[in-house]
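**Q** In our numbering, the protein residues as written are 56 to 196. Cβ coordinates follow ideal geometry from the N, Cα and C atoms, glycine included. Before I ask anything, let me first share the structure, which is written out below as structure tokens.
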Amino acid sequence: MAKDYDPKKVTLNLGGHIAQGFAEGTFITVARNNDMWTLQSGASGETARSKSNDRSGTIEVTLMQTSITNDYLASKAALDESDLNGGKFAAGLMDANGTTLVGAVELWVKQQPSMELAKELSDRTWMLETGDLEMFVGGTA
Numbered sequence: 056m057a058k059d060y061d062p063k064k065v066t067l068n069l070g071g072h073i074a075q076g077f078a079e080g081t082f083i084t085v086a087r088n089n090d091m092w093t094l095q096s097g098a099s100g101e102t103a104r105s106k107s108n109d110r111s112g113t114i115e116v117t118l119m120q121t122s123i124t125n126d127y128l129a130s131k132a133a134l135d136e137s138d139l140n141g142g143k144f145a146a147g148l149m150d151a152n153g154t155t156l157v158g159a160v161e162l163w164v165k166q167q168p169s170m171e172l173a174k175e176l177s178d179r180t181w182m183l184e185t186g187d188l189e190m191f192v193g194g195t196a
């Protein structure tokens, strides 16, 4: 039996602002900055692993040029540049197509998007960063 996926069922809450105006193609990418475990091998072939407690990560959001969410993120970036800690906000991502959930209590704009102006509209890709990224990458129901 075929399963369905609807991008409209993906909700990204950025500090109370529900993101809208996502670009076509990949519009959200979530990743931790480091591996959960590091494998070490000895000279005789014995192995051991060490746990990384680094839960930092990034959320990359690609928006249409016309998205109001650009204004929201630009205001957070401007506030963070002018007021230490002023641009931090919480975020949560829910994919109602299945069980994927992502959250961060404290997130900030790591990098503003490059900007293009042309005859046609272009996308804006925002890089957001957190020191503690909660992730449950589930399947689609």
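Could you check the C-alpha separation between D126 and T93 for me, to the nearest Å?
**A** 40 Å
**Q** State the Cα-Cα distance for the pair V65 and G141, rounded to the nearest angstrom.
**A** 27 Å
**Q** I'd like the span of the beta strand (DSSP E) that includes T84, first residue to last.
**A** Element bounds for T84: 83-87.
**Q** In chain order, what are the residue ranges of uninterrupted beta strand (DSSP E) at least 3 long that sit wholly in the stretch 115-196?
**A** Taken in chain order, the whole beta strand (DSSP E) runs of length 3 or more contained in the stretch 115-196 are 144-150, 156-166, 178-185, 189-191.
**Q** Kindly indicate the opening and closing residues of the beta strand (DSSP E) around N68.
**A** 65-69
**Q** Starting from the C-beta of P168, find all residues in its chain whose C-beta is less than 7 Å away, skip the five residues before and the five after it, and write them out in chain order.
**A** R179, T180, W181
**Q** Count the C-beta pairs between the stretch 67-75 and the stretch 93-112 that are closer than 8 Å, then say yes if the count reaches three, no if not.
**A** Taking 8 Å as the limit for Cβ pairs, the verdict is that the stretch 93-112 does not touch the stretch 67-75.
**Q** Quick check on the DSSP output: the beta strand (DSSP E) that includes Q75 runs from which residue to which?
**A** Premise fails: Q75 is in no beta strand (DSSP E) and is neither H nor E.
**Q** Drop a sphere of 10 angstroms on the beta-carbon of K131, count the other beta-carbons inside from all chains shown, and report buried for 16 or more, exposed for fewer.
**A** buried
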